[in-house]
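As numbered in the working numbering, residues 53 to 316 make up the sequence shown, in order.
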Amino acid sequence: MFGMLRSLWQYRHFVLSSICNELITRFARSKLGGLWMIINPLAQVAIYALILSNVLAAKLPGIENKYAYAIYLMAGLLAWTLFNEIISRCLNLFIEQGNLMKKMQFPRITLPAIVVGSNLLNNVLLFIAMVGIFLLLGHHFSAAMLWLLPLTLLLAAFALGAGLVLGVINVFVRDLGQAVPIILQIWFWFTPIVYPVNIIPEGYRHWLDLNPMYHFTSAYQEVIVYGRPPQVEGILIIGALAALLLLLSLFLFRRASEEMVDVL
53 MFGMLRSLWQ YRHFVLSSIC NELITRFARS KLGGLWMIIN PLAQVAIYAL
103 ILSNVLAAKL PGIENKYAYA IYLMAGLLAW TLFNEIISRC LNLFIEQGNL
153 MKKMQFPRIT LPAIVVGSNL LNNVLLFIAM VGIFLLLGHH FSAAMLWLLP
203 LTLLLAAFAL GAGLVLGVIN VFVRDLGQAV PIILQIWFWF TPIVYPVNII
253 PEGYRHWLDL NPMYHFTSAY QEVIVYGRPP QVEGILIIGA LAALLLLLSL
303 FLFRRASEEM VDVL
């Protein structure tokens with residue numbers, strides 16, 4: 053593992069330039085450019101907020117802002133968007149870059165590093181746009197916002213670990229690439245993002261503890277919506293899970309790297 057990290061550091065300029073080139077190529081012929089990275093999630097927020105806020109806003113305790121539901125929704129989507137994009141990109145990463153992996157000699161660990169770096173940049177731009185909207189809606193922030201930095205890093209590590217495992221397996225079992233998008237859609241609706249936790253009957257809420265993304269989205273919502281630090285127990289759980297999953301994925305990636313090239 054330390055060898056992969058050393059290779060990643062040696063090729064850091066390649067990773068950074070690839071992230072920049074990816075963003076430039078993605079929006080080269082677009083008049084709105086990088087705005088498209090934030091228009092889609094913000095459009096989803098606007099749709100959900102306009103349709104559902106009148107029904108659900110009153111069920112957000114402790115918030116008097118009439119736009120509370122929209123703020124709650126944006127906080128959850130900020131976490132989910134980062135997770136979903138990293139998973140989706142890593143799922144087909146090695147298949148899409150198969151020719152490059154066969155023709156060039158370079159540390160393959162740079163490929164997921166580019167994905168994570170690109171999506172973190174997208175997430176930062178989305179967060180900046182959301183902050184502007186929060187201020188327009190009259191929402192105030194507190195020092196608890198500083199928790200977003202470690203939360204984002206933990207979420208990126210968790211998503212990278214899961215994405216690498218799925219990406220490696222998908223090289224050998226292509227059905228996984230068709231199943232994961234469906235699973236992600238189901239997972240989204242089983243995570244309290246569009247709806248608040250208090251509408252779930254108390255007898256079923258304990259099942260949420262088995263959902264890793266619930267710990268992330270609830271932490272984001274605590275910090276952004278309510279302006280208070282997330283629960284320490286939840287942070288410890290997701291931190292340990294992210295570390296274990298990342299270590300497992302790096303081990304699997306290292307063992308299967310050569311076999312993937314042969315299969316591709």
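Glycine included, C-beta positions come from ideal geometry on N, C-alpha and C.
- Task: Between the Cα of I287 and those of T204, R58, N171, spot the shortest distance and give me the residue it belongs to.
- Result: Its Cα nearest to that of I287, the residue T204 stands out among T204, R58, N171.
- Query: If L134 sits next to A211, beta carbons under 8 Å apart, how far is it from one beta carbon to the other, in whole angstroms?
  - Reply: Their Cβ separation, rounded to whole angstroms, is 7 Å, which keeps L134 and A211 in contact under 8 Å.
- Query: Start and end of the alpha helix (DSSP H) containing T162?
  - Reply: For T162, the enclosing alpha helix (DSSP H) has its first and last residue at 162 to 188.
- How is R238 classed by DSSP in three states: helix, strand or coil? Residue 238 is actually Ile in this sequence, not Arg. If DSSP states are grouped into helix, strand and coil, I238 belongs with the helices.
- Message: Could you check whether the stretch 212 to 227 touches the stretch 301 to 311, counting it as contact only if at least three pairs of C-beta atoms, one from each stretch, sit closer than 8 Å?
- Response: Touching, per the Cβ criterion.
- Message: Give me the residue from L145, F186, N175, H192 with the minimum Cα distance to V223.
- Response: Minimum Cα distance to V223 is reached at L145.
- Message: Does P194 come out as helix, strand or coil in the three-state DSSP assignment?
- Response: Note that residue 194 corresponds to Ser in the displayed sequence, not to Pro. Residue state, collapsed to three classes: coil.
- Query: Does the separation of the CB atoms of L198 and I290 fall below 7 Å?
  - Reply: In this structure, I290 does not lie closer than 7 Å to L198 by Cβ.
- Item | Alpha-carbon to alpha-carbon, V313 and K154 | Distance between the alpha carbons of K154 and V313 is about 6 Å.
- Message: In whole angstroms, give me the CA-to-CA distance for G279 and M182.
- Response: In a straight line, the C-alpha of G279 is about 15 Å away from that of M182.
- Item | Buried versus exposed, by CB contacts within 10 Å (16 or more), H192 | By the neighbour-count criterion, in which a residue is buried when 16 or more other Cβ atoms sit within 10 angstroms of its Cβ, H192 is exposed.
- Task: Specify, as a first and last residue, the run of the alpha helix (DSSP H) that E272 falls within.
- Result: A small correction: the amino acid at residue 272 is Tyr; Glu does not occupy that position in the sequence shown. Taken as a continuous stretch (DSSP letters only), the alpha helix (DSSP H) holding Y272 covers 264 to 276.
- Query: Excluding five sequence neighbours on each side, which residues of the same chain lie with their C-beta closer than 7 Å to the C-beta of F66?
  - Reply: Hits under 7 Å: T162.
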